[in-house]
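All remarks here apply to the structure that follows.
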Amino acid sequence: MNAPHIVTSYVVIDDVLELIGHTDDTRTRVSSAEILTVAIVAAKYFQNHHERALCLLQQTGYLPKLSVSRFNRRLHALQDILLLIASLLGEMMATGNVFVIDTMPVPVCKRVRAARCRKVQGDDYLGYCASKRAYYCGWQLHLVCDATGVPVAFELLPARWDELTLVQDLLSLLPEGSVVVADKGYISDTDQQLSYINGRVRLVPKQRRNMRGNTTQDAELIRTHRSRIETVNSQPEKMGLQRLHARTNPGFALKVLASLLALTFTNIV
């Protein structure tokens with residue numbers, strides 16, 4: 001574990017909680033900032049295994065004694081706060097006017113177990129990941145990051161839904177004059193025109209071989225930021241985002257949010 005990363009995560013979260021006016025009960029021995037820091041450490045270093053992260057942080061003196069069950073109750077009570085922090089940090093830490101957007105699978109289980117899965121049910125959750133050539137049951141995460149890899153906007157959609165379903169909602173969160181680099185899955189003349197008309201945001205997807213190619217300027221832009229798209233995919237994957245284990249849907253969403261916050265701190269620390 002990286003001690004400066006842990007301390008920085010705690011300090012930033014504590015400052016944001018103070019900024020939004022969040023206060024803890026005077027009887028609590030472990031603050032909300034410490035609870036959220038444990039979740040982020042678990043996402044970054046322990047593939048979202050909260051018990052391991054909690055035990056290790058207690059053994060190294062970062063936290064006082066706290067049971068796993070009590071930690072889980074405190075963390076679930078802070079779910080809305082966690083979402084707010086992720087959104088605020090995306091707005092505050094983002095730099096530049098070039099962003100990248102990509103989609104990654106977030107399986108709940110393998111396709112063969114879909115019939116027995118209780119968390120998500122129905123054909124909408126049966127998806128296919130072309131890059132991995134694998135079917136799965138679960139969600140797809142749409143993630144918009146700045147050029148340094150800091151998440152700015154994100155959304156979970158059922159795995160089978162079209163990638164372009166919420167693209168306008170995500171792009172509307174970006175400042176005027178932004179340029180968004182995307183892969184071939186985001187090719188849509190309509191969405192490119194709408195994003196520019198509604199928010200002066202230019203969507204630049206990589207064109208397929210059988211289509212009219214990108215302009216020289218756009219091709220250079222895509223080439224420059226292509227590696228960031230790959231990194232945006234690989235970093236959450238290394239954190240175990242595609243191998244999450246949770247007993248409930250709120251618990252699953254919590255671990256996704258913690259992974260995104262861990263990604264934010266990884267790319268700013």
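Each residue of the sequence shown is one higher than the one before, starting from 1 at the first, in the numbering used here.
Here a beta-carbon is modelled for each residue, glycine too, at the ideal position from N, C-alpha and C.
Between the CA atoms of residue j and residue i - distance to the nearest angstrom
i: L54; j: R208; result: 47 angstroms
i: D102; j: T8; result: 27 angstroms
i: T264; j: R74; result: 22 angstroms
i: S259; j: K65; result: 24 angstroms
i: L78; j: H225; result: 35 angstroms
i: R29; j: L17; result: 17 angstroms
i: D162; j: G21; result: 38 angstroms
i: E91; j: I268; result: 13 angstroms
i: I32; j: K238; result: The amino acid at residue 32 is misidentified as Ile; the sequence shows Ser. Straight-line Cα distance between these residues: approximately 26 angstroms.
i: F46; j: Q242; result: 13 angstroms
i: V179; j: G96; result: 10 angstroms
i: C117; j: E155; result: 22 angstroms
i: R27; j: E220; result: 57 angstroms
i: K206; j: N249; result: 34 angstroms
i: C129; j: D15; result: 39 angstroms
i: L63; j: T37; result: 10 angstroms
i: A182; j: D189; result: 13 angstroms
i: E176; j: R111; result: 41 angstroms
i: T216; j: L170; result: 26 angstroms
i: R202; j: D218; result: 11 angstroms
i: L143; j: L157; result: 11 angstroms
i: N214; j: G185; result: 15 angstroms
i: S131; j: Y10; result: 36 angstroms
i: R160; j: D123; result: 7 angstroms
i: L82; j: I187; result: 32 angstroms
i: D80; j: W139; result: 20 angstroms
i: G240; j: R247; result: 16 angstroms
i: V204; j: L254; result: 31 angstroms
For residue i: DSSP bridge partner residues
i: I6; result: According to DSSP, I6 bridges with nothing at all.
i: L143; result: D102 and F154
i: V179; result: V98 and R202
i: Y136; result: K110 and G127
Inter-residue CB distance, residue i and residue j (contact presumed, cutoff 8 angstroms)
i: F99; j: C137; result: That belief does not hold up - the Cβ atoms of F99 and C137 are roughly 30 angstroms apart, past 8 angstroms.
i: V152; j: L173; result: 7 angstroms
i: V68; j: H49; result: Not really, about 11 angstroms apart at Cβ, beyond 8 angstroms.
i: I35; j: F71; result: 7 angstroms
i: A114; j: L126; result: 6 angstroms
i: L141; j: V232; result: Incorrect: roughly 10 angstroms between the Cβ atoms, too far for contact.
i: A262; j: A94; result: Actually they do not touch by this definition, with Cβ atoms about 17 angstroms apart.
Candidates the options: closest to residue i by CA position
i: V106; options: A262, N267, H245 and T266; result: H245
i: Q235; options: T37, Q59, T60 and M104; result: M104
i: V41; options: C117, G185, P175 and A3; result: A3
i: F252; options: T37, H76 and T23; result: H76
i: V120; options: L143, V108, L257 and Y186; result: V108
i: I85; options: L19, P175, L166 and R200; result: L19
i: R228; options: T148, T60 and L83; result: T148
i: Q168; options: R200, W139 and L56; result: R200
i: T60; options: T266, I6 and D25; result: I6
heavy atom of the ligand NAP below 7 angstroms from residue i C-beta
i: I222; result: Of ligands this structure carries none, so the ligand NAP is not represented either.
Inside the segment 200-248 only - beta strand (DSSP E) runs reaching at least 3 residues:
202-205
Which runs of the beta strand (DSSP E), 3 residues or longer, sit entirely within the segment 53-128?
Taking only runs of at least 3 residues, the beta strand (DSSP E) segments lying wholly in the segment 53-128 are 98-110.
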